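Enquirer: My structure is below; once you've seen it, I'll send some questions.
Numbering (the numbering used here), first residue to last: 8 to 294.
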């Protein structure tokens, strides 16, 4: 089962590959509409694209685990040096994250992990509630026994993780339950929207979550799942609504940000062993 960070990375890869497909189509067809022979891509180009995908997936996982905090500057030279790639590859990854509203560009200052303000935070919470309640309604009619069993296994895994001290793993699994629930609803568009909202809410939580020990845990998730399995629509709606109320109560929108880990520290944690070889040669060729 993919983790929340891996799911975000998969989404990142799909976005980048979609862009590559469009570029190839434009290269293959002339303005008049007729095809022409396009030059094959070089290993240099392939390496740059693969590097961007790898960087994007790493940064998105770090955001989902709240390791890369809002306001962190994404220094291209630090990222390029860590992965052994060119700045072009780094910019490709940053462009994808910017379109997902996870990164913001500040004129003459560079790229930073986005810092949602109070208004955006409230809008994201409202949007999440709409999507989550719609997900519950859809799951009641669309989920298969296999879907429900997968969700049950996930709650057991959550319970084991929440008894430990790995906060990053707790964040991954908490968000992953909601993503898997959306997948069970069978609506790919709704699932994609929820993924994006949850990723952005990771930034909101990084800024505004109360430090009182409360987390999105397995108990509420088991209650939601039990109501769905019983076929009790009213109970399922009530359980999800109560869960979202609790999550929103964990936020203090007047809070000040905590201290940040450095970008280099986060990269070493989430990508401790970047691929050597062609990627490093790419960096030297593109300086």
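Think of the CB as a built atom: it goes at the ideal place given N, C-alpha and C, for glycine as much as any other residue.
All values derive from a computational prediction rather than experimental measurement.
So who's on the other strand from residue 120, going by DSSP bridges?
Expert: DSSP output for residue 120 lists 110 as bridge partner(s).
Enquirer: With DSSP collapsed to three states, give me the class of residue 81.
Expert: Coil.
Enquirer: Would you grab the beta carbon distance between residue 200 and residue 138 for me? Rounded to a whole angstrom, and I think it's under 8 Å.
Expert: Sure, about 6 Å apart at Cβ, within 8 Å.
Enquirer: Any contact between the region 123–137 and the region 222–238? By contact I mean 3 or more CB pairs, one from each, below 8 Å.
Expert: Taking 8 Å as the limit for Cβ pairs, the verdict is that the region 222–238 does not touch the region 123–137.
Enquirer: Keeping to the same chain, check which residues put their C-beta closer than 6 Å to that of residue 277; ignore five residues upstream and five downstream.
Expert: Hits under 6 Å: 65, 68 and 69.
Enquirer: Alpha carbons only, please: which of 189, 240 and 123 is nearest the one belonging to residue 77?
Expert: If we check each option's Cα against that of residue 77, 123 comes out closest.
Enquirer: Based on the DSSP output, what are the partners of residue 216 in its beta bridges?
Expert: Paired residues: 258.
Enquirer: Which residue's Cα is closest to the Cα of residue 181: 149, 248, 229 and 192?
Expert: The shortest Cα separation from residue 181 among 149, 248, 229 and 192 belongs to 229.
Enquirer: What three-state label does DSSP hand residue 181 in the structure shown?
Expert: Here residue 181 sits in helix by DSSP.
Enquirer: So, are the CB atoms of residue 273 and residue 87 less than 7 Å apart?
Expert: Taking 7 Å as the Cβ cut-off, residue 273 and residue 87 do not qualify as a contacting pair.
Enquirer: Hey, residue 259 and residue 207: beta-carbon distance below 7 Å or not?
Expert: No, these two residues do not count as a Cβ contact at 7 Å.
Enquirer: Under the criterion of a Cβ to heavy atom distance below 6 Å, does residue 164 qualify as lining the ligand COA?
Expert: By its list of ligands, the structure shown contains no ligand whatsoever, and the ligand COA lies outside what it can speak to.
Enquirer: What distance in whole Å lies between the Cβ atoms of residue 136 and residue 251, which are believed to be in contact at a cut-off of 8 Å?
Expert: Residue 251 to residue 136, Cβ: 5 Å. Contact.
Enquirer: So, residue 142 versus residue 195, is the Cβ gap smaller than 7 Å?
Expert: No; because the gap between Cβ atoms is not below 7 Å, this pair is not in contact.
Enquirer: Express the C-alpha separation of residue 167 and residue 152 in angstroms, rounding to a whole number.
Expert: Each residue's Cα considered, the two are about 23 Å apart.
Enquirer: If contacts are defined as beta-carbon pairs under 8 Å, then residue 187 and residue 161 qualify, I think. What distance do you get, rounded to the angstrom?
Expert: Confirmed, Cβ separation roughly 6 Å.
Enquirer: If you measure between the beta carbons of residue 92 and residue 58, is that distance less than 7 Å?
Expert: Going by C-beta atoms, residue 92 is nearer than 7 Å to residue 58.
Enquirer: Since residue 121 and residue 109 are thought to touch, with beta carbons under 8 Å apart, how far apart are those beta carbons, to the nearest angstrom?
Expert: The Cβ separation is near 6 Å, so the contact holds.
Enquirer: Going straight from the alpha carbon of residue 54 to that of residue 61, what length do you get?
Expert: Approximately 10 Å between the Cα atoms of the pair.
Enquirer: Compare the Cα-Cα distances from residue 155 to each of 140, 261 and 184 and report the closest residue.
Expert: Per the Cα distances, 184.
Enquirer: Assign residue 118 to buried or exposed, taking buried as 16 or more other Cβ atoms, counted over all protein chains shown, within 10 Å of its Cβ.
Expert: Buried, by the Cβ-count rule.
Enquirer: Between which two residues does the alpha helix (DSSP H) harbouring residue 151 extend?
Expert: Segment: none, residue 151 is in no alpha helix (DSSP H) and carries neither H nor E.
Enquirer: How would you call residue 237, buried or exposed, if buried means at least 16 neighbouring beta carbons within 10 angstroms?
Expert: That one is exposed.
Enquirer: Would you mind reading off the limits of the alpha helix (DSSP H) that contains residue 225?
Expert: Segment 225–237, the alpha helix (DSSP H) holding residue 225.
Enquirer: What separation, rounded to the nearest whole angstrom, lies between the Cα atoms of residue 71 and residue 63?
Expert: Taking the straight line joining both Cα atoms gives about 12 Å.
Enquirer: In angstroms, rounded to a whole number, what distance separates the CA positions of residue 244 and residue 56?
Expert: Rounded to whole angstroms, residue 244 to residue 56 spans 43 Å at the Cα level.
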